[in-house]
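Under my numbering, think of the first position of the sequence shown as 99, with each following residue one higher. In this text, a Cβ means the ideal position worked out from N, Cα and C, and glycines have one as well.
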Amino acid sequence: MQVQTQLISPRYGLSVIGCIQDAISGNYLLTKHGELSREDALQLLASVNVTDFSRLPSKKMVTGREIFSALLPDDFDYESASRSGEKVVIKKGTIMEGIIDTKSIGGEGEGLLLRSLHKKYGPAKTIGILHQIFRLGIEYLVRRGFSTGIADEDLPQEARDQIDQLLHQAEEDVSLMIQSYKEAKLEVFPGRTMRETLELKILERLNKARNACGQVIKAYVQDKNHAAVMILSGARGSITSLIQMSACVGQQAMRGKRIEKGYRERTLSCFKRGDLSPEAHGFIIHGFKHGINPKEFFFHSITGRDALMDTALRTPKSGYLYRRLANAMQDLRVEYDGTVRDANGRIIQFAYGEDGIDVARSESGKIDVQRIINES
99 MQVQTQLISP
109 RYGLSVIGCI
119 QDAISGNYLL
129 TKHGELSRED
139 ALQLLASVNV
149 TDFSRLPSKK
159 MVTGREIFSA
169 LLPDDFDYES
179 ASRSGEKVVI
189 KKGTIMEGII
199 DTKSIGGEGE
209 GLLLRSLHKK
219 YGPAKTIGIL
229 HQIFRLGIEY
239 LVRRGFSTGI
249 ADEDLPQEAR
259 DQIDQLLHQA
269 EEDVSLMIQS
279 YKEAKLEVFP
289 GRTMRETLEL
299 KILERLNKAR
309 NACGQVIKAY
319 VQDKNHAAVM
329 ILSGARGSIT
339 SLIQMSACVG
349 QQAMRGKRIE
359 KGYRERTLSC
369 FKRGDLSPEA
379 HGFIIHGFKH
389 GINPKEFFFH
399 SITGRDALMD
409 TALRTPKSGY
419 LYRRLANAMQ
429 DLRVEYDGTV
439 RDANGRIIQF
449 AYGEDGIDVA
459 RSESGKIDVQ
469 RIINES
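Structure below.
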């Protein structure tokens with residue numbers, strides 16, 4: 099049960115121990131466009147217990163990629179992609195291109211760089227490198243400075259105008275859909291009633307508008323915006339959170355549908371009976387930074403309460419299910435003939451996992467035949 103033996107999950111064969119939060123943000127900023135003097139770079143590496151500085155180039159200014167590369171073994175090769183889809187290439191322990199983010203050094207099923215290190219060098223050396231990578235991200239942020247505040251949710255007027263136009267266009271499109279429904283001209287989806295089709299089309303259009311707002315925000319946020327850095331690096335949060343704070347909270351849904359229940363033929367007493375507009379069924383057009391009105395607050399509370407109840411009710415059920423499953427499987431073992439049997443010798447599976455592959459020792463449960471050929 100040593101920590102280094104628990105680095106790779108036996109469930110999906112990827113790293114479950116990795117960097118989080120500030121460590122990811124720090125390494126992301128360092129490898130994206132970090133540049134330090136050689137003296138500062140030496141101090142930074144010394145602070146994470148690096149004693150061999152021969153990998154660091156002998157020049158006045160050193161890039162963040164060169165500093166990060168000093169932590170890697172000099173015979174290590176790696177190729178993957180970052181969260182943004184940008185190629186990440188490491189050859190002979192040196193980052194040739196790309197940015198280090200949660201896809202490379204994160205935990206919980208990410209950390210592909212850590213998985214590759216574990217496969218080639220084993221758990222003990224990988225844990226040591228991970229510790230240095232984690233410290234490097236933290237120490238770099240301490241020296242650089244990193245803080246976030248409510249101003250990170252501000253947008254330039256040009257971006258605000260584009261978002262207002264997108265939301266206004268979405269409202270107009272929904273009004274046309276409602277008009278077509280009232281005139282019985284709406285094209286019905288197979289197996290659905292006209293009302294169900296209308297609800298699905300409205301939900302799709304409003305979600306599309308919110309996603310379009312996200313693209314506008316992405317185009318205007320910069321690395322000076324530390325909230326965006328946390329999201330883009332995968333350290334914390336999501337673009338959806340930034341959309342809800344900066345642009346609009348969006349459609350509040352209950353079990354995959356717009357909010358329907360409330361008073362007779364209306365969701366709240368302040369709406370007219372039969373009102374099908376987005377506003378009357380849970381669409382929050384304002385963002386949290388701007389502030390939401392009382393009607394929007396009611397709708398947001400409805401979905402918040404539903405999520406709270408779902409969490410409270412699901413937790414004991416899943417816990418008890420796991421307990422029963424663990425007790426039922428505690429006498430199972432893999433025999434020398436490859437079958438899975440219980441204490442009485444009864445066959446449960448003819449091959450472990452139906453394919454005989456130990457997921458913890460494979461790449462996501464698959465055998466990479468090409469890699470084996472290349473390394474042989």
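- In this chain, the beta strand (DSSP E) harbouring VAL187 covers 185-189.
- C-alpha of ARG153 to C-alpha of ILE227: approximately 15 Å in a straight line.
- Pairwise C-beta distances place the region 315-335 out of contact with the region 355-363, as fewer than three of them are shorter than 8 Å.
- For the pair LEU128 and LYS201, the Cα-to-Cα distance works out to about 16 Å.
- Our two residues, GLU281 and GLU269, have alpha carbons roughly 18 Å apart in a direct line.
- Nearest in C-alpha terms to ILE193, of all of GLU164, PHE381, LYS464, is GLU164.
- Taking all protein chains in view, the Cβ of LEU419 is surrounded by fewer than 16 other Cβ atoms within 10 Å, so the residue is classified as exposed.
- Three or more Cβ pairs closer than 8 Å define a contact, and the region 234-250 falls short of that threshold against the region 362-373.
- Rounded to the nearest angstrom, the gap between the Cα atoms of TYR219 and GLY289 is 56 Å.
- Here THR149 is exposed. Its C-beta has fewer than 16 other C-beta atoms within 10 Å.
- Judged by DSSP secondary structure, LEU423 falls within the alpha helix (DSSP H) whose first and last residues are 392-427.
- Take LEU140, set aside five residues on each side of it, and the residues of its chain with a beta-carbon closer than 8 Å to its own are PHE151, LEU154, in chain order.
- In the three-state reduction of the DSSP assignment, TYR238 falls in the helix class.
- Taken in chain order, the complete alpha helix (DSSP H) segments of 4 or more residues contained in the region 230-292 are 255-280.
- Here GLY204 has GLY116, CYS117, ILE122, GLY332 as same chain residues with Cβ atoms under 7 Å from its own Cβ, once five neighbours each way along the sequence are excluded.
- In terms of Cα proximity to PHE397, the closest of LEU366, LEU215, SER107, GLY417 is LEU366.
- Between LEU374 and ALA307, the C-beta gap is not smaller than 7 Å, which leaves the two residues out of contact.
- The alpha-carbon of LYS189 is positioned some 13 Å away from that of PHE166.
- When beta bridges are read from the DSSP output, PHE381 appears opposite GLN349.
- With a cutoff of 7 Å on beta-carbon distance, ARG356 and GLU285 are scored as not near each other.
- If you draw a 10 Å sphere on the C-beta of ASN323, you find 16 or more other C-beta atoms in it, and that means buried.
- Around the beta carbon of GLU394, 16 or more other beta carbons sit within 10 angstroms, so the residue counts as buried.
- Burial state of ARG109 is exposed, judged by a 10 Å Cβ sphere holding fewer than 16 other Cβ atoms.
- Residue environment analysis places TYR434 among the exposed positions, since fewer than 16 neighbouring C-beta atoms fall within 10 angstroms of its C-beta.
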